[in-house]
Amino acid sequence: SQTIHQWPATLVQPVGSPLSLECTVEGTSNPNLYWYRQAAGRGLQLLFYSVGIGQISSEVPQNLSASRPQDRQFILSSKKLLLSDSGFYLCAWDGDYGYTFGSGTRLTVV
Amino acid sequence: QKEVEQNSGPLSVPEGAIASLNCTYSDRGSQSFFWYRQYSGKSPELIMFIYSNGDKEDGRFTAQLNKASQYVSLLIRDSQPSDSATYLCAVPGGFQKLVFGTGTRLLVSP
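Chains A and B supply the protein sequences, listed in that same order. Residue numbers -3 to 106, in this note's numbering, belong to the letters of the first sequence in order. Residue numbers 555 to 664, in this note's numbering, belong to the letters of the second sequence in order.
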């Protein structure tokens, strides 16, 4: 069966610090992978998606970046965090019926 | 830009009642529709999807699709306090991407 792992679960980072969030998928090959952000009390905003190794599409210009170094690994990064980067970050993969989400990372930038 | 609209709620229903959640979408060409449930602090989980006009039933959940009127509904029969959550509607928003509504918060009181 397919599973998706995301870590860490929570993160508190100072403004200006770097960020690296990792997502891995098991039990499938060549998945479409997605990073979403959910700000407090708001909807899901698609940040990046990837259809294969090294292939990244950005939906919203910002100080975040994404990389896909391996087939089942998707990484979200930032060189310098802003207060506005706080939120709930969700990785998802595109299965046969809709998305399956990871457990999410709650990022607080202080 | 495809849009999905939901009433933010909260929708309050007593235990045992039918909860009716609605979603409208802007793209008349949308073919598939998804309902996700998100408990507070958790990631969304897929509970229903529907492709055809009419009703689709799964246990206590019924999804209703009306393409002519561009709305999709989720009915929850015999609502339980454990159904209290935010329900997100989603439609395809381009190449294998989902666009999510902001969600309706459901509160089921004992």
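Glycine is no exception: its CB is placed at the ideal position from the N, C-alpha and C atoms.
Assignment of S627/B by DSSP, reduced to helix, strand and coil, places it in the strand class. Ranked by Cα distance from S586/B, the options Q634/B, L629/B, Y625/B are led by Y625/B. Residues of chain A with a Cβ closer than 9 Å to the Cβ of T656/B are, in chain order, G37, R38, G39, L40. Put simply, the region 618 to 632 of chain B touches the region 569 to 577 of chain B. At least three CB pairs are less than 8 Å apart. With distances taken between CA atoms, E611/B lies nearest to I630/B out of S594/B, E599/B, E569/B, I630/B. At a beta-carbon threshold of 7 Å, the residues of chain A lying near K651/B are L42, Y45, ordered along the chain. For S633/B, the number of other beta carbons within 10 angstroms of its own is at least 16, and it is reported as buried. For P65/A, the secondary structure class from DSSP, reduced to helix, strand or coil, is strand.
A direct Cα-to-Cα measurement between V653/B and Y85/A gives close to 16 Å.
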